[in-house]
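Everything on this sheet refers to the single structure shown next.
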Amino acid sequence: MTERATADKHTDTNAGTTRRRFVTFLIAAPTLTVAGRWLGEGTARAQIANVSTPEVDLAAALQPEVDAVSPLMRLRVTEDNRVVFEAPRAEVGQGISTAVAMLIAEDIDARLVDVDMPHSNARPELGAAQLTGASTTMRNMWGPARRLAADARARLVTAAAERWGLNADSLTTRDTHVFAPDGRSTSYGSLAVDASKVAVPAVSPLPKPVSEHTLVGTPTPRIDGKELITGRATYTLDVDVPGALPTVVARPPTIGGTVTAIDNAAQVRAMPGVVAVVEIPTGVAVVATTFHHAQQARAALSVSWGPGPIADLSDADIRGRLQNATDPLLAPSLLQSTVDGEFDFAFVNHGPVETNCAIADVRADSAEVWVASKIPPIAQTVVATGIGLPQNAVTVHPIRGGGSFGRKLYPDAALEAARISQRIGDPVKLLWTRDDDVKHGRMRPASHHKMRFLLTGDIVDSFENRSAAVQLDMDVTPFSVVIDTSIELPTSGASFYHATQATPYKFGTTTKTLNEVQLDVPTAFWRSVYSGHNRAAEEIMVDRLASRLRKDPMRFRIDMASNADAVEVLRQLKSRGNWGRSLPSGWAQGVGFHTEYNAHIGCLAEIDATNPDAPRVMRTVIVVDMGLVVNPAGAEAQFQGSVIDGIATILLAGNHITNGAVVESSYADFTWAKQASSPLEFEAHFLNTGRETGGAGELAVPAAAAAVANAYARATGTFPSQFPINF
Amino acid sequence: MPTYKLFVNGEHVSVDAPADMPLLWVLRDLLGITGPKYGCGIGACRACTSHLNGKEIQPCVVPIADCANKHITTIEGLADGETLHPVQQAWLEEDVPQCGFCQPGQIMATAALLKTNKNPSDADIDAIANVCRCGTYCRIRKAIKKAAQA
Ligand code: FES
Ligand code: FES
């Protein structure tokens, strides 16, 4: 497929948008800086299909805006021969900085090692381009990054042609240099100033066709690998902000509890190293000269706490509320039989190893914040509102994140740090200790799912999924960063559910509803959002249905999958995963399948459940069709991580609530998967049925979770319905 | 406040700190050595893992008083100048890190393990209890085996 065809297809996906043409243009700057611009016909505002119908593709919905704001993205070539792209999307471990750098290196013809990807500060004018989420980045950046790079290359070539008095068409580029037919060459850096004056490039400024790619599509190690293995990588609390004081917050025993009185503030203020003790809406902040002193002082604090809003609730109450909140299932007719299932999923903390943290320096009329943020303009708005400054008085520096899984969409720590800094008049660096993070950090909403197939004989007439979940906190929705208000985007958990939850099988009439239960607990988007539990539960139901029909679960999926690409993924999974091979007793294979993010994925898991209380997933095989894969090594890493998410959330890790408090407090009791729970063998196979690039970050979570649950069920002969199983 | 002399990554340093101050905060807050990461403060996540006289420790639970006059190696001190340690080299070749936050601890734990166990089995590798929330375990396992061959 040629690039043009791909670009056109991208445009066409955005139902209802006017056809647009992308041009890049030059920004007045001392060295070459290019930016892209969309020329729209008629209205520049996009219209997309109403998201209340299922299967809305969020990346496609956001694409027109990302394209529209691309004039504001910055790619520059420096005199020391660096290609610098101010990355609008945040690196939190998902490898996008490497993959986007590959797109740029490919089309500017630079060595990958010459490309730098600093994070762009919060720039609200970048709109959806600064929303890192919903597995959209490689899809949204595919066009803009390549076009910016190709345009810059054209200007560099033009500048070289002028300098050498040669025809620009005769020049070639590679390895961050321009080459003449006579053997002369010069670096991009040497051309950076001249190229900045090129008004009209003398060669094509369009990206190369995919068929000419030499880097994109090849497995490529992380560009920041060396920093990451030498301790040089800088995370938020490693940033050296002069004078920033270590700070921790004493938090209430219950979620959302309040400070009634600080009983010994003066005494604690007098402790060694303590700088300040101040009350904030979420607790009592202790500011000190080191984190040791801050924690010691926090331990010495005596605070009287008021109960939080759910102090009278525990897991059983919450589960009861969820069960009562689901819509009723349809009754079968006289001729119909049913296959039913009910599933409960616990709350799950995101558990990034880097806990919530932020540095803030608030002055009288301005503020600076350093924080790992997946939506920096939202951090900026929330902080500005919280401390009463105009948004443009707050500078947000996004820092590399130590894991996110959804957590770093939320600027909770940035807001707290800013409030504390404002109160004490000094910069602070705020650390949520692990117990803070587990007991008060956001979680995936607990959920309950009732599901029913209605059958006439062996014919599946209908599938019903009546779900309920604790309300997803959308007070500040990630989509509020989107500038174009005519793009219809989910505004509640329920609408997000309806926008994203599709069942990729021919099950007759398929109906699903999600009712949200309002509960004052800190919830969040969590990698793959509803798919991680809702779709996993559906896949468990598919196995139950297959069993009722006396069909092999893999064969049954192949027969029932709703389109040819999905069938191909499942066929390949069956053969490459060696489905049905003989295994020791107590072991079994399980399969899960999922379609989302413009991609299909199948996961096969083999489990050793000889001891059902300590099962071990021994081997996993992934087959995926996500179209053109920019960096297969990065995508594979995402799938490996997602398999661990599946293992952890199905078998091991969740959060209990007792009397309004999270019971767990560390990795000692929030038992996330460790090496001893990870598969000894892992394979990922990429198919490409010609679709455009799909999203990889969250794709595998539901398939892996389902494969693990189904393998466990088959190995133990049980019907697990409460997750995690060993909880 | 007592003064402690330490050898950190081959250099003599002396710090004034309360005796019960965990080494992690001495390193991070007093010495500006930020490679060891805080992930729990109670020895459970192992993101801070470093070496004390060549042996694996979790500096978040080791008070400075126990480190006097001893050799401390953090991730910053593992390489020999610009020459990476074989474990780091294997990590690079296997493209292990995702967010990278746990990796200083993973690498330091592996480097300590390989000193006493030249050829770790899968069961030995399973005994490494460092948390990687990103789930890089498969690549860690491969990298450990590669480093063991180096
Ligand atoms: S911070 Fe030291 S083990 Fe977690
Ligand atoms: S690489 Fe992110 S926690 Fe291990």
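First to last, the protein sequences are chains A and B. Here the first sequence stands for residues 1 to 727, where the numbers follow the numbering used here. Here the second sequence stands for residues 728 to 877, where the numbers follow the numbering used here. C-beta: ideal position from N, C-alpha, C; glycine also.
A:Ala202 versus A:Pro219, A:Ala168 and A:Pro252, residue with shortest Cα-Cα distance: A:Ala168
Element boundaries [alpha helix (DSSP H), containing A:Cys357]: DSSP places A:Cys357 outside any alpha helix (DSSP H); the residue lies instead in the beta strand (DSSP E), whose first and last residues are Cys357 to Val362.
Spatial neighbours of B:Leu757 in its chain, beta-carbon cut-off 7 Å, leaving aside the 5 residues before and after: Closer than 7 Å at Cβ, skipping near neighbours: Val742 and Ala744.
Chain D contact residues for B:Thr776, given Cβ-Cβ distances below 8 Å: As a matter of chain content, chain D is missing from the structure shown, whose protein chains are A and B.
Whole-angstrom C-beta distance between A:Phe463 and A:Thr491, which should lie under 8 Å: That belief does not hold up - the Cβ atoms of A:Thr491 and A:Phe463 are roughly 27 Å apart, past 8 Å.
Top-ranked residue by Cα proximity to A:Trp672, from A:Val643, A:Glu692, A:Thr658 and A:Ala696: Measuring from the Cα of A:Trp672, the nearest candidate turns out to be A:Val643.
CB contact below 8 Å: A:Arg434 versus chain B: yes
Rounded Cβ spacing between A:Val193 and A:Thr31 (contact assumed at less than 8 Å): Right, the Cβ-Cβ distance comes to about 6 Å (below 8 Å), so this counts as a contact.
Buried or exposed (CB count within 10 angstroms, at least 16 for buried), A:Met443: buried
As assigned by DSSP and simplified to three states, the class of B:Ala795: coil
From B:Ala839, B:Ala877, B:Thr761 and B:Asp851, residue whose alpha carbon lies closest to that of B:Leu779: B:Ala839
DSSP beta-bridge partners of A:Asp435: Answer is none; A:Asp435 lacks a bridge partner.
Nearest residue (CA-CA) to A:Asp327, options A:Gly457, A:Gly401, A:Val517 and A:Ala68: A:Val517
Under 9 Å by beta carbon: chain B residues contacting A:Ser666: Cys767, Gly768, Ile769, Ala771 and Cys772
Any non-hydrogen atom of ligand 1 closer than 7 Å to A:Gln295 Cβ: Result no, Cβ not under 7 Å from ligand 1.
Chain B contacts made by the segment 407-441 of chain A, where a contact means CB separation under 8 Å: Residues Leu431, Thr433 and Arg434.
Member of A:Gln589, A:Ser170 and A:Arg452 whose CA lies at the smallest distance from the CA of A:Pro332: If you compare the alpha carbons of A:Gln589, A:Ser170 and A:Arg452 with that of A:Pro332, the shortest gap goes to A:Arg452.
Length of the line joining the Cα atoms of A:Ala418 and A:Leu604: 46 Å
Check: B:Gly766 C-beta below 7 Å from any heavy atom of ligand 1: yes
A:Thr6 classed as buried or exposed, judged by whether at least 16 other C-beta atoms fall within 10 angstroms: With a pLDDT of 32 at A:Thr6, under the threshold of 50, the modelled position of that residue is not reliable, and the figure given next carries that caveat. A:Thr6 comes out buried.
Listed by chain order, chain B residues near A:Glu354 by CB distance under 8 Å: Here the neighbours are Lys764, Gly766, Cys826 and Phe828.
Coarse secondary structure for A:Cys603, derived from DSSP in three states: The three-state secondary structure of A:Cys603, taken from DSSP, is strand.
Short CB-CB distance (under 8 Å) between B:Pro729 and chain A: no
Minimum Cβ-Cβ distance from A:Val339 to chain B less than 8 Å: no
Span of the alpha helix (DSSP H), counted from its first residue to its last, around A:Tyr188: Tyr188 to Ala195
Contact check, A:Gly590 vs A:Ala346, beta carbons under 8 Å: When the beta-carbon positions are compared, A:Gly590 and A:Ala346 stay at least 8 Å from each other.
Residue from A:Leu454, A:Arg400, A:Ala413 and A:Arg548 whose Cα sits closest to the Cα of A:Gly283: A:Ala413
Reduced DSSP category for A:Glu79 - H, G, I as helix; E, B as strand; rest coil: coil
Beta bridge counterpart(s) of A:Ala233 as assigned by DSSP: Looking at the DSSP assignment, A:Ala233 forms no beta bridge with any residue, so it has no partner.
First through last residue of the beta strand (DSSP E) which encompasses A:Asn140: Careful: A:Asn140 lies outside any beta strand (DSSP E), inside the alpha helix (DSSP H) at Thr137 to Trp164.
Residue environment, A:Met73, which counts as buried when at least 16 other CB atoms sit within 10 Å: Buried.
N- and C-terminal bounds of the alpha helix (DSSP H) containing A:Arg490: The question names Arg, but residue 490 of chain A is Pro in the sequence shown. Neither: A:Pro490 is in no alpha helix (DSSP H) and is coded neither H nor E.
Residues proximal to ligand 2 by C-beta, any heavy atom closer than 6 Å: A:Gly93, A:Val353, A:Gly403, B:Pro824, B:Gln825, B:Cys826, B:Gly827, B:Phe828, B:Cys829, B:Gln830, B:Cys859, B:Arg860, B:Cys861 and B:Thr863
Interface partners of A:Thr747 on chain B, CB under 8 Å: The first residue shown for chain A is 1 and the last is 727, placing residue 747 of chain A beyond what the model contains.
Assigned secondary structure, A:Lys506 (DSSP; H/G/I helix, E/B strand, else coil): coil
Cut-off 7 Å between Cβ atoms - residues of its own chain near B:Lys869, not counting five sequence neighbours on either side: Apart from sequence neighbours up to five positions away, the residues of its chain that approach B:Lys869 with a beta-carbon distance below 7 Å are Glu821, ordered along the chain.
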